[in-house]
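Heads up: the sequence lines are chains A and B, in that order. Positions 1 to 954 (this note's numbering) are the ones given, in order, by the first sequence. Positions 1 to 155 (this note's numbering) are the ones given, in order, by the second sequence. Have a look at the structure below before the remarks.
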Amino acid sequence: MLDAGRHPNIEVLTNSELIELGGSAGNFRAKVWRRPRYVNEELCTGCGQCAEDCPVVVPNEFEVGMGARKAIYSPFAQAVPNTYIIDRENCLNSDFLVCNNCQKSCDRDAINYDDSGKVVDINVGAVIVATGFDVYDASAIPSYGYGLYHNVLTNMELERVLNATGPTQGHIVRPSDHKVPRKIAFIQCVGSRGEGKEAGCQYCSRFCCMNTVKDCLLIKQHAPDIEEVLVFYIDIRAAGKGFEDFYRRSQEMPELKYIRGRPSKILEDPETHDPIIFVEDGETGKVSRIKVDMAVLASGAVSAESNSRLADVLGIELDENGFFEIDTKYGSPLHTLREGVYVCGCAAGVNDISDSVAQGSGAAAEAERFATRLPEEKEPKEKKEIDTSGPPRVGVFLCHCGINIAGVLDIEALKEHAKSIPNVVHVEDNLFLCSDEGQRMVQERISEHKLNRVVAAACTPRTHEPIFRESCDQVGLNPYLFEMVNVRDQCSWVHTTTPDKATAKAKDLIKMGVARSKHLQPLYKNSIPVNQSVLVIGGGVAGMCAALELEAQGLKVYLIEKEGRLGGILNDLTRVYPANLSAFELSRALMEKVEASRIEATASTEINSIRGFVGNFDVATTNGNLKVGAIVIATGAHIYKPGDEFGYGQFDNVITNQELENILHDSRDKIKIKGETPETVVFVQCVGSRDPEKNSGCSRYCCPTTIKQAIRLRESGVNVAVLHRDMRTVGAQAEEQYRRARELGVKFIRYNDERLPEVFGDGGRARTVEILELALQRILQVDVDYVVLAAGMVPNEATTAKLHDILKVPRDADGFFMERHAKLGPVETTIEGVFVAGCVSGPKDIADSIAQGSAAAAKVASIICKETVELEPTTCTVDQSLCRACGQCVEICEYHGPSLVELADGRRAAKINQALCKGCGTCASWCPTGAIVALHFTDEQIDSMMEALLAGVV
Amino acid sequence: MAQRTTRTKKKKPQAEFVPNIVAFACNWCSYAGADTAGVNRVQYSPNFRVIRTMCSGRVSPGFVLKALKLGADGVLVSGCHFGDCHYIFGNYKAVDQFEKTKALVKTLGLDEKRIRLEWVSAAEGARWGQVIDEFVEQITALGPSPLNHKQKAKK
Chain A
1 MLDAGRHPNI EVLTNSELIE LGGSAGNFRA KVWRRPRYVN EELCTGCGQC AEDCPVVVPN
61 EFEVGMGARK AIYSPFAQAV PNTYIIDREN CLNSDFLVCN NCQKSCDRDA INYDDSGKVV
121 DINVGAVIVA TGFDVYDASA IPSYGYGLYH NVLTNMELER VLNATGPTQG HIVRPSDHKV
181 PRKIAFIQCV GSRGEGKEAG CQYCSRFCCM NTVKDCLLIK QHAPDIEEVL VFYIDIRAAG
241 KGFEDFYRRS QEMPELKYIR GRPSKILEDP ETHDPIIFVE DGETGKVSRI KVDMAVLASG
301 AVSAESNSRL ADVLGIELDE NGFFEIDTKY GSPLHTLREG VYVCGCAAGV NDISDSVAQG
361 SGAAAEAERF ATRLPEEKEP KEKKEIDTSG PPRVGVFLCH CGINIAGVLD IEALKEHAKS
421 IPNVVHVEDN LFLCSDEGQR MVQERISEHK LNRVVAAACT PRTHEPIFRE SCDQVGLNPY
481 LFEMVNVRDQ CSWVHTTTPD KATAKAKDLI KMGVARSKHL QPLYKNSIPV NQSVLVIGGG
541 VAGMCAALEL EAQGLKVYLI EKEGRLGGIL NDLTRVYPAN LSAFELSRAL MEKVEASRIE
601 ATASTEINSI RGFVGNFDVA TTNGNLKVGA IVIATGAHIY KPGDEFGYGQ FDNVITNQEL
661 ENILHDSRDK IKIKGETPET VVFVQCVGSR DPEKNSGCSR YCCPTTIKQA IRLRESGVNV
721 AVLHRDMRTV GAQAEEQYRR ARELGVKFIR YNDERLPEVF GDGGRARTVE ILELALQRIL
781 QVDVDYVVLA AGMVPNEATT AKLHDILKVP RDADGFFMER HAKLGPVETT IEGVFVAGCV
841 SGPKDIADSI AQGSAAAAKV ASIICKETVE LEPTTCTVDQ SLCRACGQCV EICEYHGPSL
901 VELADGRRAA KINQALCKGC GTCASWCPTG AIVALHFTDE QIDSMMEALL AGVV
Chain B
1 MAQRTTRTKK KKPQAEFVPN IVAFACNWCS YAGADTAGVN RVQYSPNFRV IRTMCSGRVS
61 PGFVLKALKL GADGVLVSGC HFGDCHYIFG NYKAVDQFEK TKALVKTLGL DEKRIRLEWV
121 SAAEGARWGQ VIDEFVEQIT ALGPSPLNHK QKAKK
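So this is what it looks like as structure tokens:
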């Protein structure tokens, strides 16, 4: 949020609504209604004094009603912008009553009770809808008694309870008596996967299973004495990267029990307020009533209430669930039915965080086709830099932050103290240092007093250092000669009750800041030229989509494919769920687009070596050499090839889903396998997936694929049974298709890890499948004509291992490439300028791969659209005269910054590539000879702080 | 905002002993968590001074020993929870460094309770306050460091 709020090209309009959208793609005319805030955004500093003085206390929406807020408030602690807002429905100021407390308390005069909002006109090239979802209202299911019973909570309420910043500071207590619960039950699928007349949606909300698993582990952390946690579920859908491992880890928690069953109702013990859950155990068939201390309803996601109004304004349609309808002809989840209007995240259906992030970047790439690029900022002409070679002349500036700092700390005492520190030549205070006027003051004093170091004692460097640095830079003082001392967030705000001690602490902090500032050195951002071209490795669906997006933005794209033709896995598919698009048509359309474009696509080509770094990669392929600025790895994954599981290889009628796909590909109306129409086909799920020894993760694509194939078979009269552990039909339309399969008469039989299904046969043919029916506790024998193994997805070992060796992108336990951040950086890697898209980073379906291709394109474009890339100078460097080439830094660095090089005198020493170094400084702490210097966090700088603080102690 | 209840201290070795504690906090999690504590107005002990580093992995045994040598009564190192490190595995490196530091501290004859390694995320403002309170209490109970001559002189 902070990044978006601070980005020079992003204007954040909160508390606003789109009311009209005219024009067309490339030239939309938007009318935006900015609702009244009653607080001037330009003046408000977010100090919070107004809320302190406001007399009205109302329930806090952010705490799901469990906490309180004032009538003038900031929605939550890290809100962007950090501007307060008046809730006029609860504000005392009205026609006949005057309170004016907030107006009186505001030093900046930012309160305006007469604010009436305004309509602004904006001209834009494209629109992205990212309005998210609403949480299902659990009180719509009366039998669960949410809202009636004290100790029945929703997952959202529990989230706040578990949060350290929540209403109970992270202590788990139940609402009725504030006691720590000993026994907690989770009820899954509340409002999701609804059946028959029951309330709720038909689809799977996707996030609630993992949310519950996470909460169970958190509960154990927050309340180690918990006796029992029960989870009532239908299927645990741990279908995402790393999710299955997480689920498996939760199963090791002895207090946690997963029970398959959907409770019919909850009652409450009138005396103790304990919820009593009525449930039939799906595995034993036993009906029981279970008394717990607290019940948590895993409420699902529903389409946002505002969607219909917004859809009207945008002139697009909603689907039957109230989400924005996708134009399925692209196979991509990002296009709406109006050109230039894109959708991402939960506005178009339920998605988890990493998919939403990828879709967000993908939508940005699509939108860029219609957006005009802002001209690149030209550096102002050479400014004169202040000479800093002489003795330090430090200026100390103290901020009052209204009364946030000055109300607690003794500013006069701090000023006196600061003046007494050697080398401090000027000390001054200001009501709001961060205001324009405050910054101008600092700039004037720099020239007046010939300051060559600036120390500001104010709020936190994490938010305000960039402002001060820029001001210093403007008057020629190197921005890295600025030092910030945090006397608000980490002093006046947290030691309010002991002002003397807080002032003593602030004195020390200023002393330390001044000491450090004297050791600061000017640093300069290096910029290196960027080669404005990109290499996409892998010509599957993700690779082709990434290449097409980048080409549409006018960039030079090289696309290389190992096989003889483009298309990847699409070439082996018949139809693509959920819209039943023809895989052939989809891949042909993409290939034709690639051919018609300026993309340089070469088949039958492999990578030999890659050298260089962001902006400047030298690539050697089997088909010539390339110079590119960025690389997208989209080499996909392989379908697991079964060993001898379930009689594969032994019986010729045991085939994989991939082989069945080929058969379906060839059959028109009547399905014929090897010339005959089968009577009974049995699918076995999770072959080579969810198996810690082979591939620990869930392959995610196989359940929906099996459903797709089972429906096709069933429709031509075949008896179909699916043997599974959990049906994980997540994703658009998957749950609906699962229901359809059941309605068509496909049998679903669950097996567990202890007893896998067994295939028996003779003469090279499988005859029967035996499975333990869990509810009956009886072995079922099914005569079969064909057994289909739903084989999971595994890394493309040869390619992945080779690229890992060449590019050093880390691999996870299953061998897939690791993304930079599992949630927030799904297409970035730890190597700057190298991106991943599609199945190379973990199993995905076609739609998700397309979204990732677009996302990677957006990320690449943000680097190589510029002519140069700026390198942050706060990196590590090596004093090679001290280095003895032990190589430890090379070993520990995750970013491959350090390497050993030969010097002119023949000695070997470490050298750190500034383009790769992230400046964490771990190598500097590790270096046994002290040869590595972590710039801006040098040993001298840190030592000087300690020396200043502890002077006179020894 | 909620106020934290201050625990009554059972043992007070010296009435006027105020410990000198140096706290190293990583920029991305712990320092941000300390800021969050401020935003939420969590109240906790003021008897510590923070030094910001980019990563807890930056904190070498040398820094901790230097602080102790200069007379600090306790040193806290705080980073991101495992899996949350901004630099992937910097916090794991911090564990290795801390183990070395601990061995050195013991060799020097100092109580290893004087140094502590903690994980506080950017959201855990209340936890930051709790960690500081607990550590201040622990150091107060231990009394002044044998290297803290000023306090020894007072005795």
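Note that the Cβ used here is the ideal one computed from N, Cα and C, for glycine as well.
Between the segment 99 to 109 of chain B and the segment 22 to 36 of chain B there are fewer than three C-beta pairs closer than 8 Å, too few to call the two in contact. Annotation note: the segment 886 to 911 of chain A contains the following uninterrupted alpha helix (DSSP H) runs of length 4 or greater, listed N- to C-terminal: 888 to 892. By the C-beta density criterion, Y524(A) is exposed, having fewer than 16 other C-beta atoms within 10 angstroms.
Chain B has no Cβ within less than 9 Å of the Cβ of Q914(A). For C55(B), the residues of chain A that pass the 7 Å Cβ criterion are C920, G921, T922, in the order they occur in the chain. Closer than 9 Å to the CB of W493(A) there is at least one CB belonging to chain B. In the pairwise beta carbon analysis, the segment 564 to 576 of chain A is classified as not touching the segment 894 to 909 of chain A: fewer than three pairs are separated by under 8 Å.
At least 9 Å separates the beta-carbon of I633(A) from that of V357(A). In terms of beta-carbon proximity, F613(A) stays away from the interface with chain B, with every pair separated by 9 Å or more. At a cut-off of 9 Å, the C-beta of P46(B) has a neighbouring C-beta in chain A. Residue contact with chain A for D35(B): present (Cβ-Cβ distance below 9 Å to some residue of chain A).
Each residue's CA atom was taken as its position, placing V127(A) and R742(A) some 39 Å apart. Rounded to whole angstroms, the separation of the alpha carbons of D814(A) and A857(A) is 26 Å. Short of 6 Å from the beta carbon of L548(A), and not among the five residues preceding or following it, lie these beta carbons of its own chain, in chain order: K593. Counting every other CB atom within 10 Å of its CB across the protein chains shown gives I122(A) a total below 16, marking it as exposed. Burial of A25(B) is indicated by the presence of at least 16 other C-beta atoms within 10 angstroms of its C-beta. Considering only V534(A), F323(A), G919(A), the residue with the shortest C-alpha distance to W28(B) is G919(A). Within a 10 Å sphere around the beta-carbon of H178(A) sit fewer than 16 other beta-carbons, which makes this residue exposed. When C-beta distances to chain B are compared with 9 Å, the residues of the segment 920 to 944 of chain A below that value are C920, G921, T922, C923, A924, S925, W926, C927, G930, A934, H936, F937, D939, I942, D943, in chain order. Apart from sequence neighbours up to five positions away, the residues of its chain that approach L337(A) with a beta-carbon distance below 7 Å are I316, E317, E325, D327, ordered along the chain. Excluding its 5 nearest sequence neighbours in each direction, M210(A) has C-beta neighbours in its own chain below 6 Å: F243, listed in chain order. Residue pairing by DSSP places Q777(A) opposite no residue, since no beta bridge is assigned to it. Residue burial annotation: L148(A) is exposed, with fewer than 16 other C-beta atoms found within 10 angstroms of its C-beta.
In this structure, the CA atom of T705(A) is about 22 Å from the CA atom of G543(A). Residue-level contact check: Q138(B) does not touch chain A, since none of the beta carbons of chain A fall below 9 Å from its beta carbon.
With a threshold of 9 Å between beta carbons, K102(B) makes no contact with chain A. Contact annotation: I806(A) and S609(A) have beta-carbon atoms nearer than 9 Å. At least one CB of chain A lies nearer than 9 Å to the CB of G71(B). Remark: C-beta atoms of L256(A) and V231(A) approach each other more closely than 9 Å. Secondary structure note for G390(A): it is in no beta strand (DSSP E), with a DSSP letter that is neither H nor E. Cα atoms of E940(A) and T875(A): separation of roughly 16 Å, rounded to the nearest angstrom.
Secondary structure note for E368(A): its alpha helix (DSSP H) is the uninterrupted segment 353 to 368. Restricted to the segment 192 to 245 of chain A, the beta strand (DSSP E) segments that are unbroken, complete and at least 3 residues in length are 228 to 233, listed in chain order.
Look at the beta carbons and you see the segment 660 to 672 of chain A not touching the segment 719 to 735 of chain A: under three pairs across the two are nearer than 8 Å.
Residues of chain A with a Cβ closer than 9 Å to the Cβ of G90(B) are, in chain order, E894, C920, G921, T922. F651(A) sits buried, since 16 or more C-beta atoms from the chains shown fall within 10 Å of its C-beta.
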